[in-house]
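The UniProt record's numbering numbers the first residue of the sequence shown as 1 and each following residue consecutively.
All C-beta atoms, glycine included, are put in the ideal place defined by N, C-alpha and C.
Report on the structure given below.
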Amino acid sequence: MHYIYLFINIAVIFFPLVLSFDKKVHFFSKWKFVLPAIFITGVVFLIWDLLFVKLNVWSFNPGYIIGVQFFGLPLEEILFFLTVPYACIFIYECLNAYFPKDNLQKYSFSVSNLFLGLCIAILFFGYNRWYTVINFGFLFVVLAYVEYVNVKFRFMYKFYRAYLVSLIPFYIVNGFLTSIPVVMYNDKQNLGFRVGTIPFEDHFYLMGLLLMNVYLYELFKSRTNSLKTEV
């Protein structure tokens, strides 16, 4: 039973890792962009994670982790910020490879504004709950930056498409983590609304995590392409 969280991490990354050598997607050739994006985002979210443990926003069931910890976090939780982003960026690139058209890109800005408005509304009503405030505050900042400050490259239609597909494994993985439970939430620090056993905020935690990863991934790719153009 102590290996449950570790097995979940392995299951998350197994097929994306094996299929990274698919000839059409050729995902392994993009690791030089993927890994830095995951590392930088992972550092931010691990600091966030440590803060949440200190604030009793969530905790980890000792019966389902192997007991190895770094800086007070289970090894499995640290691996989570490698396996989940890798799988999600893999989904993002698969969709881009097999469905390259972006005819709906013109609607993505409106969708982003709806999410920004949602962030403001939820921050207003949940201002006294740590998970709600930090989660939606972070998403608001990153989303506003990508849409209003970043003007060099546009990818939000492709992002939203990947996010929607990522929700399928999200419900499976988070369903296990929250129903067993491996991760235990303090409902005094969130809105108290759940989809099944999954806190409402988790949906937007995934969005913020994926958005930062994809933005950095696209940023590193665009810089490399710019250097090639200059040469």
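How about residue i and residue j: are their beta carbons less than 9 Å apart?
i      : j      : result
Ala37  : Ile89  : yes
Phe81  : Leu46  : yes
His203 : Leu177 : no
Val111 : Leu123 : no
Tyr92  : Phe159 : yes
Tyr131 : Phe7   : no
Val115 : Glu218 : First, the amino acid is wrong: residue 115 is Phe here, not Val. No, the Cβ-Cβ distance between Phe115 and Glu218 is not below 9 Å.
Lys54  : Arg129 : no
Leu143 : Leu216 : no
Phe21  : Phe28  : yes
Leu95  : Ala162 : yes
Thinking residue i and residue j are a contact (beta carbons under 8 Å), I'd like their distance in whole angstroms, please.
i      : j      : result
Asn213 : Glu201 : About 18 Å separates the two Cβ atoms, so there is no contact after all.
Lys24  : Tyr98  : 7 Å
Pro74  : Thr41  : Their Cβ separation, rounded to whole angstroms, is 19 Å, which puts Pro74 and Thr41 out of contact at 8 Å.
Gly208 : Phe138 : 5 Å
Tyr5   : Val182 : 5 Å
Might you give, ordered along the chain, the residues of its own chain that have their beta carbon closer than 6 Å to the beta carbon of residue i, omitting 5 neighbours on each side?
i      : result
Tyr171 : none
Gln105 : Tyr157
Please list, in chain order, all residues of the same chain as residue i whose beta carbon is under 7 Å from its beta carbon, the five residues on each side excluded.
i      : result
Leu1   : Note that residue 1 corresponds to Met in the displayed sequence, not to Leu. Excluding sequence neighbours, Met1 sits near Gly63 and Tyr64.
Val173 : Ile8 and Val12
Phe70  : Ile78
Trp58  : Phe52, Val183, Met184, Tyr185 and Asn186
Phe220 : Phe33, Pro36 and Ala37
For residue i, I'd like the list of residues in its chain whose CB is within less than 8 Å of its CB, leaving aside the five on either flank, ordered along the chain.
i      : result
Phe109 : Glu147 and Met156
Problem set entry | Complete alpha helix (DSSP H) runs within the UniProt domain "Lycopene cyclase" (128-220) (minimum length 4 residues, chain order) | For the UniProt domain "Lycopene cyclase" (128-220), the continuous alpha helix (DSSP H) assignments of 4+ residues that do not extend past its boundaries occur at 130-144 and 156-179, in sequence order.
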